[in-house]
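Numbered according to the numbering used here, the sequence shown terminates at residue 512, and the numbering increases by one at each position without gaps.
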Amino acid sequence: MNNTYESPLTSRYASKEMQYLFSPDMKFSTWRKLWIALAESEKELGLNITDEQIEEMKRHIGDINYDDAKKYEAEVRHDVMSHVYAYGLQCPKARPIIHLGATSCYVGDNTDIIIMTEAMKLVKKKLVNLIKILSDFADEYKNLPTLAFTHFQPAQPTTVGKRASLWIQDLLMDLEDIDYQISKAKLLGCKGTTGTQASFMELFGGDHEKCRALDKKIAEKMGYSSCFDVSGQTYPRKLDSQILNVLSSVAQSAYKFSNDIRLLQHLKQVEEPFEKNQIGSSAMAYKRNPMRSERIGSLARYVIVNALNPAITASTQWFERTLDDSANKRLCVPEGFLAVDAILSLYINVADGLVVYPRVIHRQFMEEIPFMATENIMMDAVKKGGDRQDLHDKIKRCSMDAAENVKVHGLKNDLPQRIAADEAFGLTEDEILAVLKPENFVGRAPEQVTEFISERVKPVIDANKDMLGVDVEITV
Numbered sequence: 037m038n039n040t041y042e043s044p045l046t047s048r049y050a051s052k053e054m055q056y057l058f059s060p061d062m063k064f065s066t067w068r069k070l071w072i073a074l075a076e077s078e079k080e081l082g083l084n085i086t087d088e089q090i091e092e093m094k095r096h097i098g099d100i101n102y103d104d105a106k107k108y109e110a111e112v113r114h115d116v117m118s119h120v121y122a123y124g125l126q127c128p129k130a131r132p133i134i135h136l137g138a139t140s141c142y143v144g145d146n147t148d149i150i151i152m153t154e155a156m157k158l159v160k161k162k163l164v165n166l167i168k169i170l171s172d173f174a175d176e177y178k179n180l181p182t183l184a185f186t187h188f189q190p191a192q193p194t195t196v197g198k199r200a201s202l203w204i205q206d207l208l209m210d211l212e213d214i215d216y217q218i219s220k221a222k223l224l225g226c227k228g229t230t231g232t233q234a235s236f237m238e239l240f241g242g243d244h245e246k247c248r249a250l251d252k253k254i255a256e257k258m259g260y261s262s263c264f265d266v267s268g269q270t271y272p273r274k275l276d277s278q279i280l281n282v283l284s285s286v287a288q289s290a291y292k293f294s295n296d297i298r299l300l301q302h303l304k305q306v307e308e309p310f311e312k313n314q315i316g317s318s319a320m321a322y323k324r325n326p327m328r329s330e331r332i333g334s335l336a337r338y339v340i341v342n343a344l345n346p347a348i349t350a351s352t353q354w355f356e357r358t359l360d361d362s363a364n365k366r367l368c369v370p371e372g373f374l375a376v377d378a379i380l381s382l383y384i385n386v387a388d389g390l391v392v393y394p395r396v397i398h399r400q401f402m403e404e405i406p407f408m409a410t411e412n413i414m415m416d417a418v419k420k421g422g423d424r425q426d427l428h429d430k431i432k433r434c435s436m437d438a439a440e441n442v443k444v445h446g447l448k449n450d451l452p453q454r455i456a457a458d459e460a461f462g463l464t465e466d467e468i469l470a471v472l473k474p475e476n477f478v479g480r481a482p483e484q485v486t487e488f489i490s491e492r493v494k495p496v497i498d499a500n501k502d503m504l505g506v507d508v509e510i511t512v
């Protein structure tokens, strides 16, 4: 048995793809790519660095000698320098020029940005697939009338598909924020210990243009178009706060969906998927608990609260840098992404397997709709010669008696029968029931779904069609 702590984010929840992005291999191989980009750029700008040295560095991007790095770190208590020394052991010819002129944040911060950007792309991919799944669901059920709820009290009806469009709209707002964050991604660059590039001014003999070109070359080699214009030793910690706020927003959208599903499952209208051999309760064998939706909510709370960490860190940085960000960043940024990755996997799984029970939805609809249809019924009775004021009083008393029948005596809603029995209305029971057709009360809900999918959702899916197709695995 393993006798050390293991994060449930890695053992139970997050995907292998997201775990890899925050793995040591991803981190330290990116450090080495950045050292190569620095050496290549310095060579191109005239420093005495050879192709042989650069080729030697390239041969050892992936075979990281962790044991050597660990031994050095125990001696020097510095993670970056321990890996500089370890890389130098594998690249003896390049050893003198590895990390030339740079500070630790050159590899640390640029790598953090690269990993966060790649992680954001993975979040986007899952979000696009989720939107596609929900849009198919919304289209399929756009015409199925259901009770709407305000304050979790029956309100003017909607359709099952229209309700799903509300979930999609939240996700589209999240996708806009994600696209914006990805579009403005930029590296720290190589700016030295306080962001002044003083060390590079020394290396390039006071040539300002070469110092400016250095950042641009490094960015391009790493696949980015630009670097932050100015910085202290680090990139602005406000970036972490912005990114985790986006993750928090995704979590909020998922949380809202999960609560809706939990309530609908209680009503027996819609259920999350339930495997043949799944156990809902260890004690109550009949139960089908909405455990996946509950887990979405549980993880979402963590992400929402976690977004406070980088907000506080960004607020409390001193001047050009302090180190009270480091330990916090190592926890809150990876865990924020791992948790959102898990949330979206669960969301995709639930959305793709939703079970709808139209007969239950119809029965519950018909239990409430007579109360909501009283004005329509009264207008039909007036058309047949009834007195509006007299009928209003009668229908109020009928409604109160029918409500007592339901609430006090536990009987069915017999309002239609009560109205039909009163000759003042001049309506048969069949005429009243014709008024109560569910589709008469949903307004433009079906049309709104069609328009929303056509005008807002489909263009997004078409623009990101290369991202469609994702497999998610729910571990527990």
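Quick reminder that beta carbons are idealized off the backbone N, C-alpha and C, glycines included.
Query                                                                                                                : Result
Strand pairing of residue 451, partner residues [DSSP]                                                               : None; residue 451 has no bridge partner.
Through-space distance from residue 376 to residue 34, alpha-carbon basis                                            : No answer is possible for residue 34: the residues shown for the chain start at 37 and end at 512.
Whether residue 222 touches residue 482 by CB criterion (8 angstroms)                                                : no
Inter-residue CB distance, residue 156 and residue 214 (contact presumed, cutoff 8 angstroms)                        : 6 angstroms
Stretch-stretch touch, CB-based, cutoff 8 angstroms, three pairs: the segment 265 to 276 with the segment 337 to 350 : yes
C-beta atoms of residue 306 and residue 386 nearer than 8 angstroms                                                  : no
Residue 207, DSSP secondary structure in three states                                                                : helix
Nearest-angstrom beta carbon gap, residue 335 and residue 379 [assumed within contact, 8 angstroms]                  : 5 angstroms
First and last residue of the uninterrupted beta strand (DSSP E) at residue 189                                      : 189 to 195
Inter-residue Cα distance where the pair is residue 508 and residue 262                                              : 34 angstroms
Buried/exposed call for residue 40, threshold 16 Cβ in 10 Å                                                          : exposed
Which listed residue (433, 337, 449, 359) has its alpha carbon closest to that of residue 140                        : 359
Alpha-carbon to alpha-carbon, residue 247 and residue 510                                                            : 49 angstroms
Endpoints, the beta strand (DSSP E) within which residue 461 is located                                              : Premise fails: residue 461 is in no beta strand (DSSP E) and is neither H nor E.
Sub-8 angstroms separation of residue 210 and residue 286 beta-carbons                                               : yes
CB of residue 469 within 8 angstroms of CB of residue 407, strictly                                                  : no
Between the CA atoms of residue 294 and residue 330 - distance to the nearest angstrom                               : 7 angstroms
Length at least 4, wholly inside the segment 347 to 402: the alpha helix (DSSP H) runs in chain order                : 362 to 388
Which of helix, strand or coil DSSP assigns to residue 506                                                           : coil
C-alpha gap between residue 265 and residue 401, whole angstroms                                                     : 60 angstroms
Cβ-based neighbour list, residue 463, same chain, cut-off 8 angstroms, excluding 5 preceding and 5 following         : 413, 416, 417, 420, 455, 456
Which listed residue (115, 46, 48, 88) has its alpha carbon closest to that of residue 64                            : 115
Residue environment, residue 354, which counts as buried when at least 16 other CB atoms sit within 10 Å             : exposed
Sequence-distant residues of its chain with Cβ nearer than 8 angstroms to residue 458 (five each side left out)      : 430, 434
Residue 341, buried or exposed, once every other Cβ within 10 Å from all chains shown has been counted against 16    : exposed
Same chain, Cβ closer than 7 angstroms to residue 228, five either side skipped, listed in chain order               : 139, 234, 235, 236
Delimiting residues of the alpha helix (DSSP H) encompassing residue 488                                             : 481 to 488
Same chain only: Cβ atoms within 8 angstroms of residue 504, ignoring 5 sequence neighbours per side                 : 164, 165, 168, 497
Segment limits, beta strand (DSSP E) that includes residue 185                                                       : 181 to 186
Proximity winner among 149, 130, 300, 161, relative to residue 199 (alpha-carbon distances)                          : 300
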